[in-house]
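Numbering (the UniProt record's numbering), first residue to last: 1 to 233.
Have a look at this one:
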């Protein structure tokens, strides 16, 4: 028999009072800020070698482990959450985060362990924020998430292409699209189809936002300035 640690809860809080990037340059509403990563260990599974059959669950009482880091994240519209609620919004967010992680090395020089996403725990029923978030997996941050922020829309587009072009079948996808060897929850609670819906919704929201932003800017720049006259002496 072999022992395998099982992390039943993983989560952190990220402040929403974030710094917004220069919209003229990056064209994204993605934000960066500090975050607190907290890992809670509840126990481990006792498994059989070869078959990985779970023989027993052993509870543990260990202190939580926390550290401050840096993150980059983007909001998911409430309308998208409502549209997929009948399926599994949490599983879709989890899969979308993994897909994003899989395409980051195509744009930024980094190791697969430098970043992580919010991984959904199958035993946790807490509220899940409407966001896709990546964070630096090192105390204090490494600066990778700060590089991700201005590229967030491009990364989402690449992740969507990855998901729609992958030929695997099943909601849980495959290591090429939504599965990750670095997943803190062993790739449980994943839904590839919902991830596609979520990413499409975020990209459409981004496009709509910046189209409106461009129209407002055009109206301002094209407005006639008032003419101020001075009396002749």
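For each residue, glycine too, the CB sits at the ideal point set by N, CA and C. For clarity, every value in this text was computed on a predicted model and none was experimentally measured.
{"Asked": "In three-state DSSP terms, what is residue 75?", "Found": "strand"}
{"Asked": "Going straight from the alpha carbon of residue 43 to that of residue 209, what length do you get?", "Found": "45 Å"}
{"Asked": "How about residue 92 and residue 84: are their beta carbons less than 7 Å apart?", "Found": "yes"}
{"Asked": "For residue 111, count neighbouring Cβ atoms within 10 angstroms of its own Cβ and tell me buried if that reaches 16, exposed if not.", "Found": "exposed"}
{"Asked": "Measure the alpha-carbon distance for residue 145 versus residue 79 and round it to whole angstroms.", "Found": "27 Å"}
{"Asked": "Quick one: what does DSSP say residue 127 is sitting in, helix, strand or coil?", "Found": "coil"}
{"Asked": "Can residue 177 and residue 156 be called in contact, C-beta distance under 7 Å?", "Found": "no"}
{"Asked": "Quick one: Cα of residue 32 to Cα of residue 73, how far?", "Found": "7 Å"}
{"Asked": "Under a Cβ-count criterion, where at least 16 other Cβ atoms within 10 Å of its own Cβ denotes burial, should residue 64 be classed as buried or exposed?", "Found": "exposed"}
{"Asked": "Helix, strand or coil, according to DSSP, for residue 191 in the structure here?", "Found": "coil"}
{"Asked": "Candidates 193, 212, 124: which alpha carbon is nearest residue 170's?", "Found": "193"}
{"Asked": "Once the 5 residues before and after residue 56 are set aside, which same chain residues still bring their CB inside 7 Å of it?", "Found": "46"}
{"Asked": "Does the beta-carbon of residue 136 have 16 or more other beta-carbons within 10 angstroms, so that it is buried, or is it exposed?", "Found": "buried"}
{"Asked": "Tell me the rounded alpha-carbon separation between residue 75 and residue 132.", "Found": "7 Å"}
{"Asked": "Suppose you measure from the CA of residue 105 to the CA of residue 158; what does that come to, to the nearest Å?", "Found": "11 Å"}
{"Asked": "Would a check of beta-carbon distances place residue 99 closer than 7 Å to chain D?", "Found": "Of the protein chains in this structure there is only one, and it is not chain D."}
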